[in-house]
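**Student:** Mind having a look at this structure? Questions to follow.
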Amino acid sequence: MKGCVFQNLNDLKELNIGENAVFTFDNTFKVGLQKLKSLSLYNNRLLKLMPEDFRNLSSLRSLDLENDKCYDVNEGAFQGLDNLQTLIITPRHYRKEMFIGLAQLENLTLHLTSKWELRSSQQNDYSPFSNLPNLKKLILKVYYVFLVEDITQDLLKGLKSLEILTSDNFFRKSLHADTFKHTPRLKVLQIINSDLSHLTPELFWQIPNLQKLDLSNNKFRYLDFLGGANLLTLRWLKLNGNELSVINKTALQCLPALTYLDLNNNPLTCECSNIVFNQWVQSNNQTQVVNVHQYTCAFPVSQKGNKFLDFDTSSCWIDAGFFCFVFSTFLILFTLLASFIYHFLRWQLAYAYYLFLAFIYDKRRGRKGSPHHYDAFVSYNVYDEAWVYEEMLPVLEGEQGWRLCLHHRDFEPGKPIVENITDAIYGSRKTICVISRNYLQSEWCSREIQMASYRLFDEQDDVLILLFMEDIPACELSLYYRMRSLVKRRTYLSWPQAGQHTGVFWQNIRRALMTPGSPTDNPIRGFFQNQE
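Residue 10 in full-length UniProt numbering is what sits at position 10 of the sequence shown, and the numbering runs on without skipping anything.
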């Protein structure tokens with residue numbers, strides 16, 4: 001375009017030469033057009049904007065340079081446009097220097113047709129709009145699906161007057177929590193067609209005056225971020241075309257000023273999880289839910305296509321408080337019962353388990369049908385081992401020929417200790433418990449006498465012989481309830497009371513080993529004691 005084209009149009013205020021094939025200017029705007037306020041050059045074939053192309057258009061208020069393809073914008077291309085308020089461009093690269101001279105600019109639209117590439121004369125400077133302190137409206141529109149890189153928390157730095165921000169296909173990654181810290185006056189925020197699925201409440205803390213929020217055509221499944229966003233002035237919310245199936249009423253209750261809500265084209269579920277929202281829609285008189293009568297169910301399959309407001313909610317009425325009370329009560333009782341069983345009955349359960357296995361594999365029947373391997377299993381504490389080997393074995397095995405089963409000598413290596421104890425007790429005709437204070441304090445000794453008493457109860461035979469190595473008062477036995485119970489019901493032998501008459505003591509043990517009777521049939525006397 002030659003420079004003489006508009007030289008005599010001194011009073012022209014609006015010029016539209018869009019949809020042409022202009023690719024460069026040859027002093028076109030250097031003469032005339034002193035009163036021009038609006039210039040439209042959209043959809044031409046611009047290649048480059050040079051410095052001073054628009055320098056003489058000091059009265060220009062609006063400049064439209066939208067193009068199908070991007071073009072270079074040199075530094076200083078807009079110098080002289082001191083009164084420009086609206087600018088629409090499609091630049092190839094984005095330098096903050098290209099906005100020098102546009103201090104009064106209020107509306108800026110960037111059409112992005114190439115990959116976002118932020119360039120700056122200063123290293124690590126990622127704030128392309130810092131020269132636009134009066135900008136009130138910013139539109140960032142991407143035409144092709146590509147990831148816009150180099151978006152940092154300082155992208156909007158300098159836009160302290162910004163009130164409206166529209167990003168179309170621009171923010172395709174998660175937004176930094178401080179993205180809007182430089183725009184405290186923001187009132188309208190539109191982030192659409194961006195495939196976003198998650199936002200944090202902290203993102204909105206910097207914009208407390210937000211009144212309109214449009215998050216259409218993204219991939220949001222939940223609205224939890226609204227719960228802590230502190231959007232007390234938000235009046236208008238659009239979430240059209242997302243993946244919302246369940247609407248959290250709590251999130252909506254955090255928007256006290258909300259009067260407009262658009263949830264069109266979301267796969268709502270018609271189940272009890274949505275009953276609260278369903279009733280909120282029908283009872284709320286403040287918020288208009290746009291086209292809510294046209295919302296349809298996407299889930300479950302049986303309800304698909306039905307109207308959202310028509311799904312049956314009668315089956316959803318459950319007293320949640322009572323249910324929680326009953327559940328928590330049973331949980332507490334179960335915890336207490338489990339703790340009690342573990343503390344007091346864990347060995348009984350272990351024994352029952354092994355007894356059950358024996359029943360399954362018919363071990364007990366095999367044991368009863370075959371002769372015993374030992375005359376007696378001797379249950380003793382390691383501190384009493386010397387007495388067992390020095391006093392008991394020489395008499396019972398050496399002199400009288402009884403065959404005794406001892407832990408360290410006769411237990412099968414590698415076999416579980418509980419199974420060894422069980423086999424020893426059931427493989428012997430009797431069980432001799434050598435009881436001392438150390439014996440009572442030993443956990444394994446306690447288990448042995450416990451299993452022996454189970455056998456006594458199970459077979460109803462006199463299979464248990466109690467031999468006390470010490471005089472233990474009844475008050476001390478009260479701490480060991482099972483031993484106390486056995487002593488009260490059964491006779492027992494006392495080594496200290498034998499004194500010098502050890503021969504009689506061993507004779508009584510021999511008689512006890514020979515006795516085949518029932519627990520109530522005790523012909524043994526002498527050094528046996530009975531405590532009522």
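The beta-carbon is built from N, C-alpha and C at its ideal position, and this holds for glycine as well.
#1: If residue 70 sits next to residue 86, beta carbons under 8 Å apart, how far is it from one beta carbon to the other, in whole angstroms?
#2: Quick check on the DSSP output: what are the complete beta strand (DSSP E) runs of length 3 or more inside the segment 258-329, in order along the chain?
#3: The beta strand (DSSP E) that contains residue 465, what's its start and end?
#4: Using 10 angstroms around the beta-carbon of residue 218, count the other beta-carbons present and answer buried if the total reaches 16, otherwise exposed.
#5: Have a look at 306, 294, 260 and 316 and flag the residue whose alpha-carbon is nearest the alpha-carbon of residue 274.
#6: Within 10 angstroms of its Cβ, does residue 365 collect 16 or more other Cβ (buried), or is it exposed?
#7: Assuming contact is defined by CB atoms lying nearer than 9 Å, are residue 247 and residue 214 in contact in what I supplied?
#8: Where does residue 413 fall in DSSP's three states?
#9: Per DSSP, residue 62 is paired with what?
#10: Just grab the DSSP bridge partners of residue 431 for me.
#11: Give the list of continuous beta strand (DSSP E) stretches no shorter than 3 residues that lie fully inside the segment 201-246.
#12: Judging by CA-CA distance, which residue of 163, 224 and 461 is the nearest neighbour of residue 207?
#13: Alpha carbon to alpha carbon, how far is residue 187 from residue 209? Give it in angstroms, no decimals.
#14: Can residue 343 and residue 427 be called in contact, C-beta distance under 9 Å?
#15: Comparing C-alpha positions only, which one of 388, 287, 472 and 268 sits nearest to residue 294?
#16: Secondary structure at residue 22, three-state DSSP: helix, strand or coil?
#17: Tell me, which residues are paired with residue 191 by DSSP?
#18: On the CB-based measure, 16 or more other CB atoms within 10 Å of its CB, does residue 80 come out buried or exposed?
#19: Classify residue 128 as buried or exposed, calling it buried when 16 or more other Cβ atoms lie within 10 Å of its own Cβ.
#20: According to the neighbour-count rule (16 or more other Cβ atoms, all chains shown, within 10 Å of its Cβ), is residue 525 buried or exposed?
#21: Using the beta-carbon count (16 or more within 10 Å), is residue 448 buried or exposed?
#22: Check for me: the beta strand (DSSP E) holding residue 109 runs from which residue to which?
#23: If you compare alpha carbons, which of 132, 175, 161 and 110 is closest to residue 559?
#24: What are the boundary residues of the beta strand (DSSP E) that includes residue 255?
#25: My guess is that residue 48 and residue 72 are in contact by the Cβ rule of under 8 Å, so how many angstroms apart are they, rounded?
#26: If you run the structure through DSSP and keep just helix, strand and coil, what is residue 436?
#27: Going by DSSP, what residues sit across from residue 73 in a beta bridge?
#28: How many Å lie between residue 155 and residue 281 at the Cα?
#29: Using C-beta distances below 8 Å, list every residue in its chain close to residue 286, excluding the 5 sequence neighbours before and after it, in chain order.
#30: Whose C-alpha, out of 18, 12 and 31, is nearest the C-alpha of residue 68?
#31: Determine the direct distance from the alpha carbon of residue 100 to that of residue 9, and round the result to whole angstroms.
#32: Among 326, 506 and 12, which has the Cα closest to the Cα of residue 393?
#33: Among 494, 464, 473 and 472, which has the Cα closest to the Cα of residue 512?
#34: Confirm, please, whether the CB-CB distance from residue 171 to residue 197 is below 9 Å.
#35: Measuring alpha carbon to alpha carbon, tell me which residue in 242, 45 and 262 is nearest residue 221.
#36: Under 8 Å Cβ to Cβ from residue 84, same chain only, skipping five residues before and after it: list those, please.
**Tutor:** Reading off the structure:
#1: Distance from residue 70 to residue 86 at the Cβ level is roughly 20 Å; contact not present, criterion being Cβ atoms closer than 8 Å.
#2: Here the runs fully enclosed are 260-262.
#3: 464-468 is the extent of the beta strand (DSSP E) around residue 465.
#4: By the Cβ neighbour-count rule, residue 218 is buried, with 16 or more other Cβ atoms within 10 Å of its own.
#5: Residue 316 is the option with its Cα nearest to residue 274.
#6: For residue 365, the predicted model reports a pLDDT of 49, less than 50, meaning its position is unreliable; a value from the coordinates is still stated below. With fewer than 16 Cβ atoms within 10 Å of its Cβ, residue 365 is classed as exposed.
#7: Between residue 247 and residue 214, the gap from beta carbon to beta carbon reaches 9 Å or more.
#8: Residue 413: coil per DSSP, three-state reduction.
#9: Answer is 38 and 86, bridged to residue 62.
#10: Answer is 377 and 464.
#11: You should have 212-214 and 236-238.
#12: When only C-alpha atoms are compared, the closest one is 163.
#13: Spanning the two alpha carbons is a distance of roughly 6 Å.
#14: No Cβ-Cβ contact shorter than 9 Å links residue 343 with residue 427.
#15: Nearest C-alpha to residue 294: 268.
#16: The answer is coil: DSSP assigns residue 22 none of H, G, I, E or B.
#17: Residue 191 is bridged by DSSP to 167.
#18: In this structure residue 80 is buried. Its beta-carbon is surrounded by 16 or more other beta-carbon atoms within 10 angstroms.
#19: Burial of residue 128 is indicated by the presence of at least 16 other C-beta atoms within 10 angstroms of its C-beta.
#20: With a pLDDT of only 32 at residue 525, under the threshold of 50, the placement of this residue in the model should not be trusted, and no figure is reported.
#21: Around the beta carbon of residue 448, a 10 Å sphere encloses 16 or more other beta carbons of the protein chains shown; the residue is thus reported as buried.
#22: For residue 109, the enclosing beta strand (DSSP E) covers residues 107-112.
#23: Nothing can be reported for residue 559, as the shown portion of the chain is limited to 1 through 532.
#24: That residue, residue 255, is in no beta strand (DSSP E); it is neither H nor E in DSSP.
#25: Going by Cβ atoms, the distance from residue 48 to residue 72 rounds to 4 Å, so yes, they are a contact pair.
#26: Under the three-state reduction of DSSP, residue 436 is assigned to coil, being neither helix nor strand.
#27: 49.
#28: Distance between the alpha carbons of residue 155 and residue 281: 38 Å.
#29: So the list reads 258 and 259, once near-sequence residues are dropped.
#30: For residue 68, the nearest C-alpha among the options comes from 18.
#31: Taking C-alpha positions only, residue 9 is separated from residue 100 by approximately 28 Å.
#32: Closest by alpha carbon: 506.
#33: Nearest of 494, 464, 473 and 472 to residue 512, Cα basis: 464.
#34: No.
#35: For residue 221, the nearest C-alpha among the options comes from 242.
#36: Close CB contacts of residue 84 within its chain, under the 8 Å cut and outside five residues either way in sequence, are with 60, 61, 62, 63, 78, 102, 104 and 105 (chain order).
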